[in-house]
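First to last, the sequence lines map onto chains A and B. Adding 7 to a residue's 1-based position in the first sequence gives its number in the numbering used here. Adding 1 to a residue's 1-based position in the second sequence gives its number in the numbering used here. Just so it is clear, CB atoms sit at the ideal spot from N, CA and C, and this is done for glycine as well. What follows is one structure encoded as structure tokens, with my remarks underneath.
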Amino acid sequence: GNSVTQMEGPVTLSEEAFLTINCTYTATGYPSLFWYVQYPGEGLQLLLKATKADDKGSNKGFEATYRKETTSFHLEKGSVQVSDSAVYFCALHREYGNKLVFGAGTILRVKS
Amino acid sequence: DAGVTQSPTHLIKTRGQHVTLRCSPISGHKSVSWYQQVLGQGPQFIFQYYEKEERGRGNFPDRFSARQFPNYSSELNVNALLLGDSALYLCASSPDRGGDWDEQYFGPGTRLTVT
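And the structure:
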């Protein structure tokens with residue numbers, strides 16, 4: 008079946024450090040891939056997406072590239088801020104309809 | 002524009018009881034999906050409804066049911082509550098433009114605690 012595996016957290020970084028959160032997936036065919044962010048007390052927000060191999064999604068300084076050969080969609084940011092502290096979820100969409108399959112989430116803590 | 006709203010925000014129930022959670026989608030959105038997020042895990046898909054019809058169902062027991070009303074709002078019902086039903090229940094709405102994928106907009110969730 009379809010599944011998503013993320014690196015375990017929490018990830019703790021100092022402000023302006025480089026961020027990588029690893030995400031790999033298992034799916035038949037070619038799923039669409041997403042990163043969602045959940046700030047404390049809020050719902051999930053779509054951060055970025057990629058719908059086909061080699062696509063790069065980007066938003067608010069975050070980037071992720073759809074790598075079919077390694078079935079990966081790692082999230083990166085060159086310089087994190089305290090305001091980036093949140094839980095980040097990698098997800099895929101493969102089937103008809105709106106069903107998303109999520110990873111377990113990675114807590115990011117950024118210290119000033 | 003208002004986002005997706007859910008009520009109540011928090012809820013405490015006893016094992017064996019029944020609970021109803023409510024969701025109002027973004028104006029103009031016709032599709033509503035429900036997810037369960039257990040502490041420390043990612044959200045798991047429960048249901049999707051579109052135009053009052055069930056379009057998809059996740060791997061949840063029959064104790065879980067839902068419906069969508071003519072105004073596109075939705076209710077999630079859970080019967081015979083178990084301790085393991087304690088979770089954040091998320092509702093997401095999407096415009097459903099007829100394609101294979103629509104961006105989903107999530108509400109803040111309802112935190113259900115079963116004691």
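Q.
Strictly by DSSP, which residues pair up with A67 (chain B)?
A. B:L77
Q) Nearest to F80 (chain A) by CA position, among A:E49, A:R116, A:S10 and A:W42, is which residue? A) A:W42
Q: Assuming G16 (chain A) contacts L115 (chain A) (C-beta within less than 8 angstroms), just tell me the rounded distance between them.
A: 7 angstroms
(Q) Distance cutoff 9 angstroms, beta carbons only. Does Y73 (chain B) sit that close to anything in chain A? (A) no
Q. If we count the other Cβ atoms within 10 Å of its Cβ and call it buried at 16 or more, is R64 (chain B) buried or exposed?
A. exposed
Q: State yes or no: is the beta carbon of P111 (chain A) nearer than 9 angstroms to at least one beta carbon in chain B?
A: As written in the sequence, residue 111 (chain A) is Ala, which differs from the Pro given in the question. Yes, contact with chain B.
Q. Quick one: is Q18 (chain B) buried, meaning 16 or more other Cβ sit within 10 Å of its Cβ, or exposed?
A. exposed
Q: Identify each residue in the region 61-91 of chain B for which the Cβ-Cβ distance to at least one residue of chain A is less than 7 angstroms, and report them in chain order.
A: L91
Q) Within 10 angstroms of its Cβ, does P9 (chain B) collect 16 or more other Cβ (buried), or is it exposed? A) exposed
Q. Three or more C-beta pairs closer than 8 angstroms, one from the region 77-93 of chain A and one from the region 25-38 of chain A: is that the case here?
A. yes
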